[in-house]
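Taken in sequence, the protein lines are chains A and B.
Residues are numbered in my numbering as their position in the first sequence, beginning at 1, plus a constant of 6.
Residues are numbered in my numbering as their position in the second sequence, beginning at 1, plus a constant of 63.
Positions of the beta carbon are idealized from the N, C-alpha and C atoms, including for glycine.
Just so we're clear, the structure is a prediction, and the values are computed from it rather than from any experiment.
The structure under discussion appears below in the form of C-alpha cells.
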Amino acid sequence: MLKGKAFKFGDNISTDHIVPGRLAHLRSNLPELAKHVLEDADPTFATRVKAGDFVVGGSNFGLGSSREHAPLVIKMAGVSAILAKSVARIFFRNAINLGLPVLVCDTDKIDDGDTIEVDMEAGTIQDITNGNKVSFKPIPPFMSAILAEGGLIPYIKKYGDFKL
Amino acid sequence: MGKTLAEKILSNKSQTDVRAGDIAIAWVDLAFAQDTTGPLTINEFESSFNSLADKDRTVLFLDHAAPSPNCQLSTDHILLRNFAKKTGCLLSDVGEGICHQIVAESMARPGDVIIGADSHTVTAGGLGVFATGMGSSDVAVAMAMGKTWFRVPESVKVIVSGNFQKGVFAKDLILHLIGLIGADGATYQSLEFAGDTIDRMSISERLTVANMSVEAGAKAGLFAADETTRDYLTKQGRSGDYQPISPDADAEYVKTIIIDASTLEPTVSQPHTVDNTALARELKGVRIHQVLIGTCTNGRIEDLAVATSMLKGKKSHPETRLIIAPASRNILLQAIKAGYIQTLVEAGAIILPPGCGACLGLHQGVLGDSEACLSTANRNFKGRMGNPKGFIYLGSPAAAAATAITGEITDPREVL
Ligand code: SF4
Chain A
7 MLKGKAFKFG DNISTDHIVP GRLAHLRSNL PELAKHVLED ADPTFATRVK AGDFVVGGSN
67 FGLGSSREHA PLVIKMAGVS AILAKSVARI FFRNAINLGL PVLVCDTDKI DDGDTIEVDM
127 EAGTIQDITN GNKVSFKPIP PFMSAILAEG GLIPYIKKYG DFKL
Chain B
64 MGKTLAEKIL SNKSQTDVRA GDIAIAWVDL AFAQDTTGPL TINEFESSFN SLADKDRTVL
124 FLDHAAPSPN CQLSTDHILL RNFAKKTGCL LSDVGEGICH QIVAESMARP GDVIIGADSH
184 TVTAGGLGVF ATGMGSSDVA VAMAMGKTWF RVPESVKVIV SGNFQKGVFA KDLILHLIGL
244 IGADGATYQS LEFAGDTIDR MSISERLTVA NMSVEAGAKA GLFAADETTR DYLTKQGRSG
304 DYQPISPDAD AEYVKTIIID ASTLEPTVSQ PHTVDNTALA RELKGVRIHQ VLIGTCTNGR
364 IEDLAVATSM LKGKKSHPET RLIIAPASRN ILLQAIKAGY IQTLVEAGAI ILPPGCGACL
424 GLHQGVLGDS EACLSTANRN FKGRMGNPKG FIYLGSPAAA AATAITGEIT DPREVL
C-alpha cells in the first residue's frame with residue numbers, strides 16, 4: 007500500500023516542464039538536476055514534495071522528449087507513483103524502465119493536496135480526504151514484469167534476456 | 064489478412080508473425096543516443112554490460128550542444144568520445160549535424176528497425192523504417208543485446224490526395240493533421256501515410272511529416288519505400304540499401320483519415336502546444352522577434368532553397384533576428400555551393416553550425432522574456448527555447464521567411 011499527498015498538475019505536462027532543455031548541462035549531475043524537478047509547471051514543487059507523495063497529472067502526461075531524466079528526477083524526488091488520465095508513450099515506458107509506477111485513472115476525482123492511498127494489487131486508489139475511490143487500468147503484463155524487478159536493467163540482469 | 068507497415072517490419076525483425084497488440088522481441092538495426100541523452104545511456108550500459116552487440120550499428124551523435132556552450136556539456140562530450148574510442152562504436156562529432164538527418168542520409172535502410180534516445184527518431188519513417196524514440200535504459204539494453212521489445216502498434220491510415228496550393232508545404236500538412244487529431248491523437252499508434260500526394264512527395268518532405276508524427280503521440284510515422292526512396296538512396300551512394308516495402312492492400316487499420324491537400328493553407332502552431340493550430344493569415348500582426356529556419360524538421364537543402372528564393376534581394380526586418388541552422392554538414396556544403404548562404408547572409412541571416420542550435424534552448428538563440436519566435440522546428444512547449452516566458456510559433460520555411468521579412472506572422476503567399 008502506497009500512501010502520500012497528491013500534487014496536481016494540468017493536461018499536457020511536457021518533458022520540458024519536468025526537466026527543461028536549458029538545464030541539459032546538469033544532466034550528468036543528477037542531484038543538482040533533481041532540484042529543478044517540474045520547475046516550469048510549479049516552481050515550488052521541488053521544495054514541497056516529500057518521499058511517498060504522488061504526482062497527479064491530467065491527460066497526455068509526459069509528452070515530448072525521450073529524456074529518461076524526466077521520470078528519473080520525479081523518482082529521485084521520492085514520488086512513489088505518477089497518476090494521470092493518459093500518458094505519453096515514451097514517458098510511460100521510461101518510467102516503468104526505472105521502476106516508477108504510472109497509473110492511468112480518472113484523476114478528476116482527486117484534489118490537489120489530498121492524502122491518497124494506492125493499492126497496487128487491487129488496482130485501486132482511495133482519496134482519503136474527499137472519500138473518492140477510483141480504479142486504475144492494469145499495467146500490461148510485460149511491463150508489470152519489468153516493474154516487478156525494479157526496472158528494465160535489473161530485469162535483464164535477472165533473466166539475461168527478454169522473457170515473453 | 065494483410066499487414067500494415069508496422070506489422071510487416073516487426074514481423075520480419077522478430078521472425079514471428081505479429082499483429083497489432085502483440086509483443087514482439089525485434090532485432091535492432093541501429094541504436095543511437097545523442098549528447099543530452101548519451102551520458103545516461105552510457106552510465107546505464109556500463110553499470111551492467113561489457114560489450115556492444117554491434118559496434119558498427121551503434122552511434123553517438125554530438126549535435127544538441129554543437130559546439131558546446133559550457134564546461135559541463137563539453138565534459139559530457141569527452142565522455143561520449145571516450146566511450147566511442149573504447150568500444151569502437153560510431154561517433155558523429157560536433158559539426159556533422161543532427162542525428163536524425165545523418166541517420167536518414169547515411170544509415171537508415173527501408174525495412175530496418177531503428178531506436179534512438181531521442182523522440183524524433185521517428186524521422187526515418189520517411190524512408191520506410193520502423194524508427195522510434197526510447198529512453199536511455201532501452202537504448203542501453205539494445206546496444207548490449209541488439210534487440211528490444213515492442214508492443215506492435217495499431218495503425219492509422221492517413222490518405223492524402225490532391226496538389227498543394229502555392230505556398231503550402233508538407234509542414235502545413237503535418238501541422239494540420241496534428242491540429243485535427245490532437246497532441247495525443249495517435250498515442251501508442253503508428254501513422255501510415257498514403258495517397259497520391261504522398262507518392263509525389265520528396266524524401267525531404269516525407270522526413271518532415273514523419274519527424275512530427277510523434278507530436279501526435281505516435282510511436283512511428285511510416286511511409287512505403289518506393290522509387291523516390293530508391294532515387295534518394297542512390298543519390299546518397301547507397302543504392303544497395305534499397306528494398307521496396309509497402310503495406311498490404313488488405314491491411315487492417317484502426318482508423319482512416321482522409322485529407323484533401325488542395326484545401327490546406329499555410330498553418331502555424333501557436334504557443335504552447337503543437338495542436339494549437341491556426342492559419343497563418345489569421346495570426347497576421349503577431350510580432351515576431353526571432354525566426355529560426357533549421358532543425359531536424361525543416362533544415363534540409365529543399366527548405367533552405369525555399370527560404371532563399373523568398374529572401375533574395377530582400378532584408379529581414381530590423382527588429383527580427385533571422386537564424387539559419389542547416390541540419391547537417393552535407394546540407395551546409397550544398398547551400399554554400401548553391402549560393403544560398405551568401406544570399407541569406409546578405410538578407411540579414413545569422414548562420415549557425417549544423418546541429419540543433421536554438422531548437423531546445425541550450426544556446427545560440429535563447430528567447431528573452433516575452434519574446435516570440437517563429438520556428439520551423441517541431442515543438443513549441445513552454446520553456447522549449449530556453450525561456451518559459453518565451454512564445455514559440457511553428458510554421459514552414461516559407462512562412463518563416465515571410466515572417467522574417469515583415470517582422471510579424473505572415474502568410475507566405477503574400478510574399479511569394
Ligand atoms: S533539432 Fe530540435 S527536435 Fe531535432 S533533434 Fe535537435 S533538439 Fe531535437
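Under 9 Å from the C-beta of Gln135 of chain B: neighbouring residues of chain A: Position 72 of the second sequence, counted from the first residue, corresponds to residue 135 of chain B. In chain order: Ala30, His31, Leu32, Arg33, Ser34 and Asn35.
Asn103 of chain A at chain B interface by Cβ criterion, 8 Å: Taking the first residue of the first sequence as 1, we reach residue 103 of chain A at position 97. Closer than 8 Å: yes.
8 Å Cβ cutoff met for Ser438 of chain B and Gly160 of chain B: Working through the second sequence from its first residue, we reach residue 438 of chain B at position 375. Working through the second sequence from its first residue, we reach residue 160 of chain B at position 97. No, they are not a contact pair.
Beta-carbon separation (whole angstroms), Leu423 of chain B vs Ala388 of chain B, contact threshold 8 Å: Indexing the second sequence from 1 puts residue 423 of chain B at position 360. Indexing the second sequence from 1 puts residue 388 of chain B at position 325. Going by Cβ atoms, the distance from Leu423 of chain B to Ala388 of chain B rounds to 12 Å, so no, they are not a contact pair.
Near the ligand SF4: Asp304 of chain B beta-carbon under 7 Å from a heavy atom: The residue given as residue 304 of chain B occupies position 241 in the second sequence. The answer is no for Asp304 of chain B.
Asn441 of chain B: CB within 7 Å of a non-hydrogen atom of the ligand SF4: Stepping through the second sequence from its first residue, residue 441 of chain B is reached at position 378. Checking every heavy atom of the ligand SF4 against the Cβ of Asn441 of chain B, one is found closer than 7 Å.
Beta-carbon proximity of Ala279 of chain B to Ala246 of chain B, cut-off 8 Å: What you label residue 279 of chain B is simply residue 216 of the second sequence in a count that begins at 1. What you label residue 246 of chain B is simply residue 183 of the second sequence in a count that begins at 1. The answer is yes: Cβ separation under 8 Å.
Test: Lys282 of chain B CB closer than 8 Å to a CB of chain A: Working through the second sequence from its first residue, we reach residue 282 of chain B at position 219. Yes, its Cβ sits closer than 8 Å to a Cβ of chain A.
Sequence ranges, alpha helix (DSSP H) only - wholly within the region 218-298 of chain B, length at least 4: 233-244, 259-263, 266-275 and 290-298
Helix, strand or coil at Leu143 of chain B [DSSP, three-state]: Position 80 of the second sequence holds residue 143 of chain B. Correct three-state label for Leu143 of chain B: helix.
Per-residue DSSP class, three states only, for Gln353 of chain B: As a working note, residue 353 of chain B is residue 290 in the second sequence. The answer is strand: DSSP assigns Gln353 of chain B an E or B state.
Boundaries (first-last residue) of the beta strand (DSSP E) holding Asp125 of chain A: The residue labelled residue 125 of chain A in the question sits at position 119 within the first sequence. First-last of the beta strand (DSSP E) with Asp125 of chain A: Thr121 to Asp125.
Host beta strand (DSSP E) of Ile131 of chain A (start-end): As a first step, residue 131 of chain A must be located in the first sequence, where it is residue number 125. That run of the beta strand (DSSP E) goes Thr130 to Asp133.
Contacting positions in the region 83-109 of chain B - beta carbon closer than 7 Å to chain A: Ile86, Ile88, Thr99, Thr100, Pro102, Leu103 and Glu107
Cys436 of chain B CB to nearest heavy atom of the ligand SF4 below 7 Å: Taking the first residue of the second sequence as position 1, residue 436 of chain B is located at position 373. Result no, Cβ not under 7 Å from the ligand SF4.
Straight-line gap, Asp215 of chain B to Asn75 of chain B (C-alpha atoms, nearest Å): Residue mapping note: residue 215 of chain B aligns to position 152 of the second sequence, counting from 1. Residue mapping note: residue 75 of chain B aligns to position 12 of the second sequence, counting from 1. Checking the sequence shown, residue 215 of chain B turns out to be Val, not Asp. Spanning the two alpha carbons is a distance of roughly 12 Å.
For Cys134 of chain B, three-class secondary structure by DSSP: For this step, residue 134 of chain B is matched to residue 71 along the second sequence. Of the three classes helix, strand and coil, the one that applies to Cys134 of chain B here is helix, per DSSP.
Where the alpha helix (DSSP H) containing Ala370 of chain B begins and where it ends: Within the second sequence, residue 370 of chain B is the residue found at index 307, counting from 1. Counted as a single uninterrupted DSSP element, the alpha helix (DSSP H) harbouring Ala370 of chain B occupies residues Ile364 to Leu374.
heavy atom of the ligand SF4 below 7 Å from Thr358 of chain B C-beta: By 1-based counting over the second sequence, the position of residue 358 of chain B is 295. The answer is yes for Thr358 of chain B.
Assigned secondary structure, Asp323 of chain B (DSSP; H/G/I helix, E/B strand, else coil): Numbered from its first residue, the second sequence carries residue 323 of chain B at position 260. Note: Asp323 of chain B maps to strand in three-state DSSP.
8 Å Cβ cutoff, Asn136 of chain A in contact with chain B: Locating residue 136 of chain A in the first sequence gives position 130, counting from the first residue. No, no contact with chain B.
Spatial neighbours of Leu109 of chain A in its chain, beta-carbon cut-off 6 Å, leaving aside the 5 residues before and after: If you number the first sequence from 1, residue 109 of chain A lands on position 103. Answer for Leu109 of chain A: Ala87, Leu89 and Phe142, listed in chain order.
Stretch pair the region 228-248 of chain B + the region 194-213 of chain B: three plus CB contacts closer than 8 Å: Cβ pair count under 8 Å is below three, so no.
C-beta neighbour in chain B for Pro144 of chain A, strict 8 Å: One-based indexing of the first sequence puts residue 144 of chain A at position 138. No, Pro144 of chain A lies away from the interface with chain B (no Cβ there is under 8 Å from its Cβ).
Same chain only: Cβ atoms within 8 Å of Lys445 of chain B, ignoring 5 sequence neighbours per side: Position 382 of the second sequence holds residue 445 of chain B. Counting only Cβ-Cβ distances below 8 Å, and skipping sequence neighbours, we find Pro334, His335 and Pro451.
Extent of the continuous beta strand (DSSP E) run through Lys11 of chain A: Reading the first sequence from its first residue, position 5 is the one you call residue 11 of chain A. From DSSP, the beta strand (DSSP E) with Lys11 of chain A extends over Leu8 to Lys14.
Residue from B:Gly449, B:Arg447, B:Ile468 and B:Asn443 whose Cα sits closest to the Cα of Gly458 of chain B: Working through the second sequence from its first residue, we reach residue 458 of chain B at position 395. Nearest C-alpha to Gly458 of chain B: B:Asn443.
One or two residues paired with Phe213 of chain B in a DSSP bridge: The residue you call residue 213 of chain B lines up with position 150 of the second sequence. Note: Phe213 of chain B sits in a beta bridge opposite B:Ala87.
Through-space distance from Asp48 of chain A to Leu39 of chain A, alpha-carbon basis: Walking along the first sequence from the start, residue 39 of chain A turns up at place 33. Walking along the first sequence from the start, residue 48 of chain A turns up at place 42. Roughly 15 Å between the two C-alpha positions.
is_contact[Met197 of chain B, chain A] using C-beta, thresh 8 Å: In the second sequence, counting from the first residue as 1, residue 197 of chain B sits at position 134. Between Met197 of chain B and chain A, the shortest Cβ-Cβ separation is below 8 Å.
Member of A:Gly137, A:Pro147 and A:Ile116 whose CA lies at the smallest distance from the CA of Lys14 of chain A: Here residue 14 of chain A corresponds to residue number 8 of the first sequence, with the count starting at 1. The residue with the shortest Cα to Cα distance from Lys14 of chain A is A:Ile116.
Beta-carbon proximity of Tyr261 of chain B to Val223 of chain B, cut-off 8 Å: As a first step, residue 261 of chain B must be located in the second sequence, where it is residue number 198. As a first step, residue 223 of chain B must be located in the second sequence, where it is residue number 160. In the sequence on display, residue 261 of chain B carries Ile and not Tyr. Result yes, Cβ atoms of Ile261 of chain B and Val223 of chain B sit closer than 8 Å.
Reference Phe454 of chain B; option with closest CA among B:Arg350, B:Thr371 and B:Leu425: Translated into the one-based positions of the second sequence, residue 454 of chain B becomes position 391. Minimum Cα distance to Phe454 of chain B is reached at B:Arg350.
Other residues of its chain near Lys66 of chain B: CB distance less than 7 Å, five sequence neighbours each side excluded: The residue given as residue 66 of chain B occupies position 3 in the second sequence. Closer than 7 Å at Cβ, skipping near neighbours: Ser74, Pro310, Asp311 and Ala314.
Test item: CB-CB of Ser185 of chain A and Asp17 of chain A under 8 Å: Past the edges of chain A, shown from 7 to 170, lies residue 185 of chain A, and the structure says nothing about it.
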